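Be aware that the sequence shown starts at 26, since it is given in the numbering used here, and climbs by one per residue. Just so it is clear, CB atoms sit at the ideal spot from N, CA and C, and this is done for glycine as well. Source: prediction; values computed, not measured.
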Amino acid sequence: MQQRLRIMHGDITRLQVDAIVNAANSSLLGGGGVDGAIHRAAGPALLAECRRLAASQGGCATGEAVVTGAGNLPARAVIHTVGPVWRGGEQGEAELLASAWRNSLRLAAEHRFATVAFPAISTGIYGYPKAEAAAIALRTIAAFFQQHDYPQQVWLVCFDQQMYRLYQQQSELSDNTL
Ligand code: AR6
């Protein structure tokens, strides 16, 4: 686990990796948070591709993921996933968040992306409690790593110190269980 996981601070739009993950919404047409930052940095080519996807397949359901090119970003591709809005925890949020992580990882494996960078899906505008989101992310990644060789590296990109600490704690816990 440790060798395949990197927990870091930073701006995901600046990373030169095979794919970055976007915490999008079901419309795929952009928004605030990391989604807004990704579209601003990627430019109009990304929005045009997202528009085509939205028109052809009606966007992206919560827990699902789709892949596009990356426009002007240094990354090669963008995996757009939609995490759940936190509504108190009784609306299937945990399973939907795990699905968003798992389906993003699955797309990365299918495309043989070696390195994939993730933001902390659902923990911003969508309000998911950060500690629980960190536990779900780490558990889902650990399970995925046991069954797949790709992605070879997952980077967890943190915008705040609290998320960084929570991921560190959770990664120590999941190492003990592997
Ligand atoms: N690099 C890395 N992480 C970032 C960046 C960045 N440039 N910018 C923000 N974050 P959010 P959500 C962190 O709100 O909760 C949009 O409007 C941020 O601090 O971007 O899944 C979409 O269109 C937080 O830790 O995503 C949806 O409508 C994490 O990224 C909705 O927000 C996720 O926060 C999705 O909400």
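Endpoints, the beta strand (DSSP E) within which residue i is located
| i | result |
| --- | --- |
| C75 | That residue, C75, is in no beta strand (DSSP E); its alpha helix (DSSP H) goes 69-82. |
| N50 | Premise fails: N50 is in no beta strand (DSSP E) and is neither H nor E. |
| A95 | Run containing A95: none; DSSP gives neither H nor E here. |
Residue i, enclosing alpha helix (DSSP H) - first and last residue
| i | result |
| --- | --- |
| W180 | Run containing W180: none in the alpha helix (DSSP H); it sits in the beta strand (DSSP E), 178-183. |
| T165 | 155-172 |
Distance cut-off 7 Å: residue i Cβ against heavy atoms of the ligand AR6
| i | result |
| --- | --- |
| T148 | yes |
| M188 | yes |
| N128 | no |
| Y151 | yes |
| I37 | yes |
| A49 | yes |
| P12 | With the chain covering only 26 through 203, there is no way to say anything about residue 12. |
| P176 | no |
Within 8 Å, strictly: CB atoms of residue i and residue j
| i | j | result |
| --- | --- | --- |
| N50 | G68 | no |
| A66 | V141 | no |
| A167 | S199 | yes |
Rounded separation between residue i and residue j - CA only
| i | j | result |
| --- | --- | --- |
| A156 | V103 | 25 Å |
| Q243 | V110 | The requested residue 243 is not part of the displayed model; the chain covers only 26 to 203. |
| L203 | A73 | Low local confidence applies: a pLDDT of 43 at L203 is under 50, so the model's placement there is unreliable, with the coordinate-based value given in what follows. Looking at the two C-alpha atoms, the distance is approximately 42 Å. |
| A160 | R77 | 34 Å |
| A145 | A48 | 8 Å |
| I37 | G84 | 23 Å |
| L132 | Y189 | 25 Å |
| C183 | S196 | 14 Å |
| I32 | P176 | 15 Å |
| D185 | H34 | 7 Å |
Best match in the options for proximity to residue i [C-alpha to C-alpha]
| i | options | result |
| --- | --- | --- |
| A162 | L40, G149, A134, L181 | L181 |
| T9 | V107, G114, A70 | The displayed coordinates of the chain run from 26 to 203. Any statement about residue 9 would go beyond what the structure contains. |
| T87 | V59, H64, Q116 | Q116 |
| G113 | I37, P154, R31 | P154 |
| R29 | M188, I150, G149, L130 | L130 |
| E120 | Y175, A133, E89, R39 | E89 |
| S81 | G58, L53, F169, G108 | L53 |
| V42 | Q187, G58, R137 | R137 |
| A95 | L191, R31, I63, Q186 | I63 |
| R39 | H105, Y192, G152, A100 | A100 |
Contact with chain C by residue i, beta-carbon distance below 8 Å
| i | result |
| --- | --- |
| R112 | Note that chain C does not occur in the displayed structure, where there is just one protein chain. |
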